[in-house]
Amino acid sequence: MNARWNALSARDRRVLVAGAAVCLVLLGWALLWHPLDVHRAELERTVDAQRQDLAFLRQGAAQIARQHEAGTHSRAQRQGRSLLALADASARGAGLESSLRRVEPVGARSVRVSFEGASFDALANWMEALARDYGIETSDFSADHADGIGLVNARVTLEDAP
Numbered sequence: 393m394n395a396r397w398n399a400l401s402a403r404d405r406r407v408l409v410a411g412a413a414v415c416l417v418l419l420g421w422a423l424l425w426h427p428l429d430v431h432r433a434e435l436e437r438t439v440d441a442q443r444q445d446l447a448f449l450r451q452g453a454a455q456i457a458r459q460h461e462a463g464t465h466s467r468a469q470r471q472g473r474s475l476l477a478l479a480d481a482s483a484r485g486a487g488l489e490s491s492l493r494r495v496e497p498v499g500a501r502s503v504r505v506s507f508e509g510a511s512f513d514a515l516a517n518w519m520e521a522l523a524r525d526y527g528i529e530t531s532d533f534s535a536d537h538a539d540g541i542g543l544v545n546a547r548v549t550l551e552d553a554p
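What follows is the structure, given as structure tokens:
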């Protein structure tokens, strides 16, 4: 191999060295630089997406904290009404008075409310309003189909959050 190299003219040796250098540079780019550059760009996109997700989650956490605080303030604004009285009055205010059958205490901080032939939509809106406005959670819910479209016989257990 040395004999062949020495047999080449100086110009041919320079061309071969230059060609080998160009080949090494191209191989280095194709095997090292380009894959690393593609991976870096992909990681940048992933980081950007994760930053957007984090911003979304922080915004949601702030909204949840505001809603929780609003619910805490609302509990204080119940004007001294018990959970039993509040459940009865709010159900009547939600248009469920004709289907309201019974409101009974279950424990120190929970009541069971029974409905017959209640509008499911009105019932769901009532439970959501209690949670939103007063921080009262629905701990148990069961419903059976009643005669009529969208009507249910339901039993709801409400709990006052601590």
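In my numbering, the protein residues as written are 393 to 554.
We treat Cβ as the ideally placed atom computed from N, Cα and C, and that holds for glycine.
Cβ-Cβ distance between residue 501 and residue 552 below 8 Å: For this step, residue 501 is matched to residue 109 along the sequence shown. For this step, residue 552 is matched to residue 160 along the sequence shown. Contact flag set, yes.
Whole-number beta carbon distance between residue 509 and residue 543, since they are thought to touch under 8 Å: For the purposes of this step, residue 543 is identified with residue 151 of the sequence shown, where counting begins at 1. For the purposes of this step, residue 509 is identified with residue 117 of the sequence shown, where counting begins at 1. Confirmed, Cβ separation roughly 5 Å.
Buried or exposed (CB count within 10 angstroms, at least 16 for buried), residue 519: The sequence position of residue 519 within the sequence shown is 127, counting from 1. Buried.
Cβ contact (3+ pairs, closer than 8 Å) linking the stretch 446 to 464 and the stretch 474 to 481: no
Residue 529 - containing alpha helix (DSSP H), residue span: In the sequence shown, counting from the first residue as 1, residue 529 sits at position 137. No alpha helix (DSSP H) holds residue 529; the beta strand (DSSP E) holding it covers 528 to 537.
Alpha-carbon spacing of residue 415 relative to residue 396, whole angstroms: As a first step, residue 415 must be located in the sequence shown, where it is residue number 23. As a first step, residue 396 must be located in the sequence shown, where it is residue number 4. Their Cα atoms are separated by approximately 21 Å.
Residue 491, buried or exposed, once every other Cβ within 10 Å from all chains shown has been counted against 16: For the purposes of this step, residue 491 is taken as residue 99 along the sequence shown, with counting starting at 1. Under this definition residue 491 is a buried residue.
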